[in-house]
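Q:
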Amino acid sequence: MDAAKIGGSLLACTDEAVLPVSQVFDAIKELGNQGVDEQWNPLVITSASSLSKLPVESSSVDVAILIWQSLDSPVDQLVQEILRVLKAGGTTLIRKSSQSGVGSVDKANLLG
Numbered sequence: 002m003d004a005a006k007i008g009g010s011l012l013a014c015t016d017e018a019v020l021p022v023s024q025v026f027d028a029i030k031e032l033g034n035q036g037v038d039e040q041w042n043p044l045v046i047t048s049a050s051s052l053s054k055l056p057v058e059s060s061s062v063d064v065a066i067l068i069w070q071s072l073d074s075p076v077d078q079l080v081q082e083i084l085r086v087l088k089a090g091g092t093t094l095i096r097k098s099s100q101s102g103v104g105s106v107d108k109a110n111l112l113g
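So, in C-alpha cells, the structure goes:
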C-alpha cells in the first residue's frame, strides 16, 4: 500500500517512537484549522529522524506538522524533505513536543 495514499493532505512527523494523536490535533488547532476538518486522514510518521526520505510523493501535502522532542536534533534533512513534499502555498508548523516524561516509570513505585 502506498503511504502517500493512506494520509490525505496533512502530514505530521516526530522524532519520538510514539506520538499521541492529541498533539496532532493541538497543532491543527494552533494553525486555526487551515481548512482541516474531520474528513482529513493525517499521515503520522514516527521516528522520522531515522528516515533518509519521507514515504510521500513530492508536492502532495497541504499541511506539514513537525513535532520534535529536542529542537537541538539534526532536522535539516527532514526540513528539506518537508519542503519537497509540501504543495506550493502549503503550511508548515514546527513545535516542540509536550510529551516529556510520558512513559517514564518511577522505580520507587515499582519496588514498593
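Take the sequence shown: its position 33, counting from 1, is numbered 34 in this note's numbering, and each next residue is one higher. Ideal placement from N, C-alpha and C gives every residue a C-beta, glycine not left out.
Less than 8 Å between the beta carbons of R85 and I68, yes or no?
A: For R85 and I68, no; Cβs fall outside 8 Å.
Q: Taking the DSSP output, what are the residues bridged to W1?
A: It is not possible to answer for residue 1, since the shown part of the chain is limited to 2 through 113.
Q: Using beta-carbon positions only, say whether L79 and A65 come within less than 8 Å of one another.
A: No, they are not a contact pair.
Q: Would a C-beta distance cut-off of 8 Å place E31 and Q70 closer than the cut-off?
A: Going by C-beta atoms, E31 is not nearer than 8 Å to Q70.
Q: Our contact map puts A49 next to L94 with C-beta atoms below 8 Å; I'd like the distance itself, whole angstroms only.
A: Rounded, the Cβ-Cβ distance is 15 Å, inconsistent with contact.
Q: Could you tell me the alpha carbon to alpha carbon distance between V103 and I46, rounded to whole angstroms?
A: Model confidence at V103 stands at a pLDDT of 43, short of 50, so the residue's coordinates are unreliable and nothing is read from them.
Q: In its own chain, which residues sit with a C-beta less than 8 Å from the C-beta of S61, not counting the 5 before and 5 after it?
A: Same-chain partners within the cutoff: A5, S10, V86 and K88.
Q: If you draw a straight line from the alpha carbon of N42 to that of Q81, how long is it in whole angstroms?
A: Whole-angstrom Cα-Cα distance: 23 Å.
Q: Tell me whether D27 sits in a helix, a strand or coil according to DSSP, three-state version.
A: In the structure shown, D27 sits in a helix (DSSP, three-state: H, G or I).
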